[in-house]
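Structure, as structure tokens:
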Amino acid sequence: HDEHHEHDEL
Amino acid sequence: MNIFRFAGDMTHLISILILLLKIYATKSCAGISLKTQELYALVFLTRYLDLFTDYVSLYNTVMKIVFIASSLAIVWCMRRHPLVRRSYDKDLDTFRHQYVVLACFVLALLLNEKFTIQEVFWAFSIYLEAVAILPQLVLLQRSGNVDNLTGQYVLFLGAYRGLYIINWIYRYFTEDHFTRWIACVSGLVQTGLYADFFYYYYLSWKTNTKLKLPA
């Protein structure tokens, strides 16, 4: 699966 | 999560608490730019669209809710609270922030990680946060004197983004494919905007005089 680009910062 | 980012989040939280304390304790918002507070509320609302969809951690979720709630509370106080709103420097807070909002949105349409609603609004919030302090800095320059709490507010706000930049440098060297160009470049611009304020704040601290910004 494509690298799930999640924003893990605020 | 590294210490720099955690420290950045804490200084950010402290800056908001300082502002809430100042407004609550003095029932006055003199020297505070409503436009900057509205821009921050917009930053949080557009950045945390994924609040209910992407669960990263309890810490992230709690902090997002705190930032959204506190920024809306400040805007509500400055607009609706009968006592506080009277002390708002309406005729000094004249920065035309709607153009800034438009420019950031256009930029987000052009420069984003992925052309999706969430990513465009995320990029928009990053660009907007970089310039959101401008109305406040203009207001401080206009009003000349900077009272302690407002000065500390801007100081902690500048420290937060500065710590985030250290966090990105740290992550760049410790994680393999870590790149956050949009946030990094925008964060550098944002911290740069504070640089002159920091300089005058340092001078006033060193010479132990009241903080005066050159008009």
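As you go down the protein sequences, you meet chains A and Z in turn.
Residue 11 is where the first sequence ends in our numbering, and the numbering goes up by one at each step.
Residue 306 is where the second sequence ends in our numbering, and the numbering goes up by one at each step.
Where a beta carbon is used, it is the ideal one built from N, C-alpha and C, also for glycine.
All values derive from a computational prediction rather than experimental measurement.
Which value, in whole angstroms, describes the spacing of the CA atoms of residue i and residue j?
i                      : j                      : result
residue 102 of chain Z : residue 244 of chain Z : 10 Å
residue 240 of chain Z : residue 124 of chain Z : 14 Å
residue 198 of chain Z : residue 215 of chain Z : 7 Å
residue 5 of chain A   : residue 164 of chain Z : With a pLDDT of 47 at residue 5 of chain A, under the threshold of 50, the modelled position of this residue cannot be trusted, and the question is left open.
residue 304 of chain Z : residue 183 of chain Z : 15 Å
residue 106 of chain Z : residue 205 of chain Z : 32 Å
residue 176 of chain Z : residue 126 of chain Z : 13 Å
residue 260 of chain Z : residue 219 of chain Z : 22 Å
Can the beta-carbon of residue i be found closer than 9 Å to that of residue j?
i                      : j                      : result
residue 104 of chain Z : residue 158 of chain Z : yes
residue 222 of chain Z : residue 279 of chain Z : no
residue 238 of chain Z : residue 122 of chain Z : yes
residue 212 of chain Z : residue 138 of chain Z : yes
residue 162 of chain Z : residue 120 of chain Z : no
residue 7 of chain A   : residue 271 of chain Z : no
residue 65 of chain Z  : residue 252 of chain Z : Residue 65 of chain Z lies beyond the stretch modelled for chain Z, which goes from 92 to 306, so this question has no answer here.
Does residue i pass the burial test, meaning 16 or more other C-beta atoms within 10 Å, or should it be called exposed?
i                      : result
residue 217 of chain Z : buried
residue 310 of chain Z : What is shown of chain Z runs 92 to 306, which leaves residue 310 of chain Z out entirely.
residue 297 of chain Z : exposed
residue 258 of chain Z : buried
residue 187 of chain Z : exposed
Which residue wins for smallest C-alpha separation from residue i, given the options the options?
i                      : options                    : result
residue 227 of chain Z : Z/130, Z/99, Z/112, Z/95   : Z/130
residue 172 of chain Z : Z/235, Z/256, Z/111, Z/277 : Z/111
Query raised in the report: Quick one: any contact between the segment 110-117 of chain Z and the segment 165-182 of chain Z, if contact means 3 or more CB pairs under 8 Å?
Result: yes
**Report entry** the segment 263-272 of chain Z contacting the segment 143-150 of chain Z, beta-carbon criterion three pairs below 8 Å
**Finding:** no
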